[in-house]
Amino acid sequence: MIQEQRIPQSRERVWEFFADAVNLERLTPDFLGFQILTPLPIEMHPGTLIEYRIALYGLPMKWQTEISRFDPPSSFVDVQLKGPYALWHHSHEFADCPGGTLMTDVVDYRPPLGPLGSLANVLFVQRTLDRIFRYRREQVVAEFGAL
834 MIQEQRIPQS RERVWEFFAD AVNLERLTPD FLGFQILTPL PIEMHPGTLI EYRIALYGLP
894 MKWQTEISRF DPPSSFVDVQ LKGPYALWHH SHEFADCPGG TLMTDVVDYR PPLGPLGSLA
954 NVLFVQRTLD RIFRYRREQV VAEFGAL
């Protein structure tokens, strides 16, 4: 899954916001019951572990990610170590563009449970991720405006 958004702010300003884990709660829809469990503030660097609590499809669970790459102010990657997916690799990329910053999210994911998970992806997982990223896009516009 690839999502792009143009933001009318400098790359450094956008980076500051997205590299601060506390802002994840503002960017995540309420239906997920998202809560950061790792004590704040979180110092981001390669190897940083962040633990969250979410309620996915009504099921409460913990989710742990690791920052596997951290390259200010251009990119960082979080990978799931424990959580709802068999694979979760989320690359956040920031580049200068006319009028501001182009933010690109590249998410490689795979639901658990093999063929059953593939069916679940078609039936509801992809739609849920689209809904989450649509909410995130709206929150970014509310925070920074739109290009």
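Every letter in the sequence shown is one number past the one before it in the numbering used here, and letter 115, counting from 1, is 948.
All C-beta atoms, glycine included, are put in the ideal place defined by N, C-alpha and C.
Alpha carbon to alpha carbon, how far is residue i from residue j?
{"i": "residue 803", "j": "residue 924", "result": "Because the chain spans 834 through 980 in this model, residue 803 falls outside it and cannot be assessed."}
{"i": "residue 929", "j": "residue 844", "result": "6 angstroms"}
{"i": "residue 842", "j": "residue 970", "result": "15 angstroms"}
{"i": "residue 964", "j": "residue 862", "result": "9 angstroms"}
{"i": "residue 859", "j": "residue 956", "result": "27 angstroms"}
{"i": "residue 947", "j": "residue 932", "result": "44 angstroms"}
{"i": "residue 907", "j": "residue 951", "result": "33 angstroms"}
{"i": "residue 922", "j": "residue 890", "result": "21 angstroms"}
Excluding the five sequence neighbours on either side, which residues of its own chain have a C-beta within less than 6 angstroms of the C-beta of residue i, listed in chain order?
{"i": "residue 837", "result": "937"}
{"i": "residue 966", "result": "836"}
Which residue comes first and which comes last in the beta strand (DSSP E) that contains residue i?
{"i": "residue 904", "result": "892-904"}
{"i": "residue 975", "result": "No beta strand (DSSP E) contains residue 975, which is instead part of the alpha helix (DSSP H) from 959-977."}
{"i": "residue 837", "result": "835-840"}
What does a CB cutoff of less than 7 angstroms around residue i pick up in its chain, not counting 5 residues either side in sequence?
{"i": "residue 920", "result": "941, 942, 943"}
{"i": "residue 840", "result": "847, 933, 934, 936, 973, 977, 980"}
{"i": "residue 878", "result": "900, 903"}
{"i": "residue 927", "result": "844, 847, 848, 906, 907, 908, 934, 936"}
{"i": "residue 887", "result": "865, 866, 867, 894, 896"}
Near residue i, what residues of its chain come up, given a Cβ to Cβ distance below 8 angstroms and the 5 sequence neighbours on each side ignored?
{"i": "residue 857", "result": "867, 869, 885"}
{"i": "residue 912", "result": "898, 899, 901, 921, 922, 923"}
Between which two residues does the alpha helix (DSSP H) holding residue i run?
{"i": "residue 889", "result": "Where residue 889 is concerned, there is no enclosing alpha helix (DSSP H), although the beta strand (DSSP E) it sits in stretches over 882-889."}
Could you name each continuous beta strand (DSSP E) segment of 3 residues or more that falls completely within the stretch 910-941, going from the start of the chain to the end? 920-930
With contact counted as at least three CB pairs below 8 angstroms, one residue from each stretch, are the stretch 847-860 and the stretch 941-953 in contact? no
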